[in-house]
């Protein structure tokens, strides 16, 4: 469950808003001499751990689904996947995912496809899922045990009409 202060809490956990801003000059002057270091040691620990974890080179390998795939086919699949991940800016999303997971216990990146408007080809797209719009199976204790998850993306009306053109006239 998320509270109304969830977004403020996230900013605090990420190192922002540690020192409230004084409302007037008379209140700001006595505070001016104090050191304004990080007050949240959870942030300091998360920041240090993220630097260590994200500096490691990720390993990508393709596991066989049956005995008929050769090592060469698996390497080709891994290379094609690596190329798509690089094209989709995986490194940027990887850091966002790690920090989101450090704060809210789950960091989720969604892989979807979208049609290129010029060529008509389907291309892979990676995006970070907003935890406030992600609902896992309530009976599961871990994300891997979920039978289902619900993701409620925030979309404006033009996106909905574009995604469902046959029903577009009903959207107001």
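In the numbering used here, the protein residues as written are 4 to 175.
Virtual Cβ for every residue (Gly too), placed ideally from N, Cα, C.
Looking at the secondary structure, which residues open and close the beta strand (DSSP E) in which residue 131 lies?
125 to 131
Spell out the partners DSSP gives residue 139 in its beta bridges.
152
Please state whether DSSP places residue 100 in a helix, a strand or coil.
helix
Would you call the CB atoms of residue 146 and residue 139 closer than 8 Å?
yes
Buried versus exposed call for residue 1 [16 or more other C-beta atoms within 10 Å across all chains shown]:
Shown here, the chain extends from 4 to 175; a query on residue 1 therefore has no answer.
Report yes if the CB atom of residue 98 is closer than 8 Å to the CB atom of residue 130, and no otherwise.
no
Extent of the continuous beta strand (DSSP E) to which residue 68 belongs:
That residue, residue 68, is in no beta strand (DSSP E); it is neither H nor E in DSSP.
Under 7 Å Cβ to Cβ from residue 93, same chain only, skipping five residues before and after it: list those, please.
129
Span separating the alpha-carbon of residue 151 from that of residue 135:
17 Å
Which of helix, strand or coil does DSSP assign to residue 115?
strand
Name the two residues that bound the continuous alpha helix (DSSP H) containing residue 158.
From DSSP, residue 158 is part of no alpha helix (DSSP H); its letter is neither H nor E.
Helix, strand or coil for residue 167 per DSSP?
coil
Residue 161 versus residue 102 - alpha carbon distance
31 Å
So residue 82 is in the alpha helix (DSSP H); what residue range does that whole segment cover?
74 to 90
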